[in-house]
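From first to last, the protein sequence lines are chains A and B.
Anchor point for the first sequence: position 66 equals 479 in my numbering, and the numbering is continuous, going up by one each time.
Anchor point for the second sequence: position 82 equals 83 in my numbering, and the numbering is continuous, going up by one each time.
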Amino acid sequence: GQNIDQPTEMTATEGAIVQINCTYQTSGFNGLFWYQQHAGEAPTFLSYNVLDGLEEKGRFSSFLSRSKGYSYLLLKELQMKDSASYLCAVRDHNAGNMLTFGGGTRLMVKP
Amino acid sequence: EAEVAQSPRYKITEKSQAVAFWCDPISGHATLYWYRQILGQGPELLVQFQDESVVDDSQLPKDRFSAERLKGVDSTLKIQPAELGDSAMYLCASSLGQTSNYGYTFGSGTRLTVV
Chain A
414 GQNIDQPTEM TATEGAIVQI NCTYQTSGFN GLFWYQQHAG EAPTFLSYNV LDGLEEKGRF
474 SSFLSRSKGY SYLLLKELQM KDSASYLCAV RDHNAGNMLT FGGGTRLMVK P
Chain B
2 EAEVAQSPRY KITEKSQAVA FWCDPISGHA TLYWYRQILG QGPELLVQFQ DESVVDDSQL
62 PKDRFSAERL KGVDSTLKIQ PAELGDSAMY LCASSLGQTS NYGYTFGSGT RLTVV
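And the structure:
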């Protein structure tokens, strides 16, 4: 099975930077995904990491360390619309390449 | 932009009744997933289809849940009888293949409330 841990809630200020961490344990790692989910809506794809390092996409960046079983999502220049849940998901080739999701981190951005 | 279509968007049903959800994946996506998401938690996989075949339904409570994708396109998830603990968001997702770099595309979900 897989174990995916991320903080339940975080609060940050508009304009600031926030880092959301995710740790995982999996036998056949084959990629890590970050999704954003606004309340009552479907998750939407943010980023994908399969090799170690940083992937940057505008205000959002995602980092992966496979040896540590660790990833983070970095959000810069926070905006009020970034208030949402952020889901870390791991793909495991020993589990049919299905995505297993963490519990999500609810981010609240305050003025 | 291509979307995964789900209906209904909201459903309220009494316990012990039957309920069904429908999903139409993005055209050409062979892989289809049904997830259940309880409020405040991450999505949990119920069943995965590859074309019309079930790949994994190990987490599907088969005494009351069933899923089908008869022609390998749209899919139906059924619960009979519904229980109070089934109240959740039911998400359908599809992907071009099992190793897409974009993961899955999710539909808007069906919010089920069992009373």
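Where a beta carbon is used, it is the ideal one built from N, C-alpha and C, also for glycine.
- From the listed residues L46/B, K16/B, V5/B, the smallest Cα separation to P62/B is found for L46/B.
- Along the length of the segment 446 to 471 of chain A, whole beta strand (DSSP E) runs at least 3 residues long occupy 457 to 462, 466 to 470, reported in chain order.
- By the 16-neighbour rule on beta-carbons within 10 angstroms, N510/A is buried.
- Membership of A68/B in the beta strand (DSSP E) is indicated by the continuous run 66 to 69.
- Our two residues, E53/B and R479/A, have alpha carbons roughly 34 angstroms apart in a direct line.
- When DSSP states are grouped into helix, strand and coil, L500/A belongs to the strand group.
- The DSSP-derived three-state label of A508/A is helix.
- CA-to-CA, the gap between N443/A and I27/B works out to about 23 angstroms.
- Contact holds between the segment 36 to 43 of chain B and the segment 85 to 92 of chain B, because three or more Cβ pairs, one in each stretch, are under 8 angstroms apart.
- The secondary-structure analysis by DSSP pairs E15/B with nothing; it has no beta-bridge partner.
- Judged by DSSP secondary structure, Q49/B falls within the beta strand (DSSP E) whose first and last residues are 45 to 51.
- The shortest C-alpha to C-alpha distance from S475/A to any of T421/A, M423/A, Q449/A, A508/A is the one to Q449/A.
- Residues are counted here when their Cβ sits less than 7 angstroms from a Cβ of chain A; for the segment 87 to 114 of chain B these are L92, Q99, T100, N102, Y103, G104, Y105, F107, G108, S109, G110, given in chain order.
- Membership of T424/A in the beta strand (DSSP E) is indicated by the continuous run 422 to 426.
- Take the alpha-carbon of A455/A and the one of Y437/A: they are about 23 angstroms apart.
- The Cβ atoms of D505/A and G441/A sit closer than 7 angstroms to each other.
- Taking a cut-off of 8 angstroms on C-beta distances, the segment 72 to 81 of chain B touches the segment 17 to 26 of chain B, as three or more cross pairs fall below it.
- Here E422/A has R519 as same chain residues with Cβ atoms under 6 angstroms from its own Cβ, once five neighbours each way along the sequence are excluded.
- For D64/B and L113/B, the gap between their C-alpha atoms comes out near 19 angstroms.
- Annotation: Q51/B to A68/B spans about 13 angstroms, alpha carbon to alpha carbon.
- Along the segment 31 to 44 of chain B, going in chain order, the ones with a CB nearer than 7 angstroms to a CB of chain A are Q42, G43, P44.
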